Amino acid sequence: MTAHKAQALPSIPRTETPLLKLLWRVYGYLRPYWKQTLIAYASLFAILGLNTMIPQFLGWIIDTGVKGNQPQVLTWSVLVLLGLTVLKGVLNYYQGTMSEVASQNVAFDLRNEIQKKLTSLSFSFHDQSEAGELLSRAVQDVERIRFLTGRATVRILEGALLLVVTAIVMLVMDYRLALLVLATMPLLVYRALYFGSRFRPLSQLVQKQLAVLTTAVEQNLRGTREVKAYVQEDAEIERFGRENARWFDLSARSAQMQAVNLPLLFLIANLGYVAIILYGGRQVVQGQITIGEIIAFITYVGQLIEPVRRLGMIIPAVAIAGSAAERIFDILDTVSEVRDEPGAVSIGQIQGRVEFEHVSFSYGRKKVLNDINFRVEAGQTIALLGSTGSGKSTIISLVPRFYDPSEGRVLVDGTDVRKVTLHSLRSQIGIVMQDTTLFAGTIRENITFGNEQASEEEIIRAARAAQAHEFIIQSAQGYDTRVGERGVTLSGGQRQRLAIARALLMDPRILILDDATASVDAETEHLIQLAFQNLVRGRTTFVIAHRLSTVRNADQIIVMDKGRIQAMGTHETLLTSSRLYVEIYNRQLKRQETTA
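So for the sequence shown, our numbering puts the first residue at 9; every next one is plus one.
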């Protein structure tokens, strides 16, 4: 397999965006859900009012009902206190529910945006991206944003407001005692902010390493056959173990930072109790304040401890969410290299004439195609021959605009493909490659992937033309048989015939084919060739040729070498005019003629 490295996506621009700017953009996703957000924060302010009032009421109960020896006051005041507690519980319910609904909607929107973006980004992006890294951003990072826009922000605002309001009330009650208690607050806030600033870069490393682990698992699951075939189980286990150990070390450092921070926050907060007992107790003895006021002070400090504890936990979450937001917006802000140009129009129903005019193409600094010129009339079949890396696959990738040429133009029916919409172009191009991709679903769902509105009669007709109907009806549930992820429950020949049926159902005007059948038996090869004949009839076809019959039947053969067209013509003319074609013929194709 591959050595798994912790790295950012090469094609995604990495920028150090200020945390406040990231958070402002994140909170913008709450705008469509302002009603739920308004209810949540209205409940928060009501709870804040109750938290301010209840300690005062409790102190009054102690001084009037208990110390004043008035049982009737004690009775009804306790009932009122119970009612306030129930009301606080109801408000907490609405606060938690509404904030969670709003944040879940934010996550829903973000996942949809990421999926839409990843689907629309060009092949050059996906060529350089790791699936596990993208999966980590779409799932784990979005979940962190959900937490930030929901409970995390509510808790931070609750703690901050409670701290300010409580401080004001305590100062009004007894400013000297309040100053002693509140003297610890600046230290508390400083410690929380200091922890967050140190924890954010570490959280980024943890997230990146988790993405590396996700990629490692995904690659091993996808390549499990190769791992076993090459007896690389131990090597892959060792590679994964190294990356897992790195993630463990980073997570352990993260846990250690939090383990030191939380007790320290508690220690600072509890110094307030010490101040109340030492100084407040003397004031009670001297008659300067009442026991009820001391109880109120203790209750206020008790109310502060829980928000402080949450602050110590949530500030790291904000730091993590900031890192997550940066990673998500890196994807959303990526501009696709291949996209609809301004003013692009629908190409309409095409005939299938294709022209390459002085086309060159480079992958980075490596030039893959150099000054390619040819013309294909509608309905013709073009066979592409050449060694690996000669540029055959790149040529067929330029027709549906999987990539754009570095120089020159690709035209369909005389129109530059960059001037038409991608959907109108690609919806009329069918592609059947040797490494056929099927999805984890039913056979019917895979055949109708490009035409979900097709009727049952059309599906069966396409399957028959693709020589697939017989093996389909012999399957356990016919067209409703599930094929497993990537079609692993089917043979290579069966997968390719399903791909042909899929292309037939699209009824495209241009076809792109890889007709390699070296990995299938003779009977399956014959069936695939019959299916190919049905598929190419009346359509402009580009074939990466591996068979003599394909070459003989082609209207034109293009011989590629090192990114250039070395020869063009029919089979008979090239045998007499192209030394390279004769070499390819003798090396790859002649034995098929002898066998036949």
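All residues carry an ideal CB built from backbone N, CA and C; glycine is no exception.
Owing to the predicted nature of the structure, the values given are computational and were not obtained by experimental measurement.
Could you tell me if Y198 is buried or exposed, where buried requires 16 or more neighbouring beta carbons within 10 angstroms of its beta carbon?
exposed
Would you mind listing the alpha helix (DSSP H) stretches within the stretch 19-83 that are 4+ residues and don't spill past its ends, in chain order?
27-35 and 42-68
Of the choices A237, A48, K96 and L46, whose alpha-carbon is the least far from that of I62?
K96
Rounding to the nearest angstrom, what Cα-Cα distance links R290 and T72 in this structure?
21 Å
Can the beta-carbon of A553 be found closer than 8 Å to that of L430?
no
For Y487 and A507, I'd like the C-alpha separation in whole angstroms.
14 Å
N-terminal and C-terminal residue of the alpha helix (DSSP H) that R409 is part of:
No alpha helix (DSSP H) contains R409, which DSSP labels as neither H nor E.
Extent of the continuous alpha helix (DSSP H) run through I552:
Here I552 belongs to no alpha helix (DSSP H); instead the beta strand (DSSP E) covers T548 to I552.
Whole angstroms are fine: how far does the CA of T105 sit from the CA of S401?
54 Å
Evaluate contact between the stretch 182-195 and the stretch 84-98, counting only Cβ atoms and requiring at least three cross-stretch pairs below 8 Å.
no
Using a Cβ-Cβ cutoff of less than 6 Å, which residues in the same chain neighbour R426 once the five nearest sequence positions on both sides are dropped?
E349
When we look at the beta-carbon of G91 and count the other beta-carbons within 10 Å, is it buried (16 or more) or exposed?
exposed
Taking 7 Å as the line, does the beta carbon of G36 fall inside it for any heavy atom of the ligand ADP?
This structure simply doesn't include the ligand ADP, nor any ligand for that matter.
For the alpha helix (DSSP H) containing S344, list its first residue and its last residue.
Note, S344: premise wrong, no alpha helix (DSSP H); not H, not E.
In the DSSP assignment, what are the bridge partners of D149?
In the DSSP output, where bridge partners are listed per residue, D149 has none listed.
Is it the case that the stretch 141-154 contacts the stretch 334-352, given that we only count it when at least three CB pairs across the two stretches are under 8 Å?
yes
Determine the burial state of D424: buried for a count of at least 16 other Cβ atoms within 10 Å of its Cβ, exposed for fewer.
exposed
Using the C-alpha atoms, what's the distance from L340 back to E121?
7 Å
For V353, does the three-state DSSP call read helix, strand or coil?
strand
Take R417 and list the residues in its own chain whose beta-carbon comes closer than 6 Å to its own, dropping the five residues that flank it on each side.
E365 and D424
Determine whether the beta carbon atoms of A327 and S211 lie at a separation below 8 Å.
yes
Using the rule of at least 16 other Cβ atoms within 10 Å of the residue's Cβ for burial, across every protein chain shown, is T127 buried or exposed?
exposed
Separation of S354 from G167, as counted between CA atoms:
56 Å
Going by DSSP, what residue range makes up the beta strand (DSSP E) through L393?
T389 to G394
What do you reckon, are the CB atoms on I322 and I164 nearer than 8 Å?
yes
Assign G438 to one of two classes, buried (16 or more other C-beta atoms within 10 Å of its C-beta) or exposed (fewer than that).
buried
For K375, which of A391, G399 and N381 has the nearest alpha-carbon?
G399
Reduced DSSP category for N561 - H, G, I as helix; E, B as strand; rest coil:
helix
To the nearest angstrom, how far is it from the Cα of Y371 to the Cα of A471?
38 Å
Nearest by alpha-carbon distance to G5: which of R505, A391 and I303 is it?
The shown model of the chain, from 9 to 604, leaves out residue 5, and the question about it has no answer.
Please classify Q15 as buried or exposed, where buried requires at least 16 other C-beta atoms within 10 Å of its C-beta.
With a pLDDT of 36 at Q15, under the threshold of 50, the modelled position of that residue is not reliable, and the figure given next carries that caveat. Counting Cβ neighbours within 10 Å, Q15 comes out exposed, since fewer than 16 surround it.
Limits of the beta strand (DSSP E) - the one that M441 falls within
Neither: M441 is in no beta strand (DSSP E) and is coded neither H nor E.
What first and last residue would you give for the beta strand (DSSP E) that runs through Y371?
V362 to Y371
Starting from L513, trace the alpha helix (DSSP H) in both directions and tell me its first and last residue.
G500 to M514
To the nearest angstrom, report how far apart H534 and I520 are at their CA atoms.
20 Å
On the three-pair Cβ rule with 8 Å, is the stretch 477-486 touching the stretch 554-569?
no
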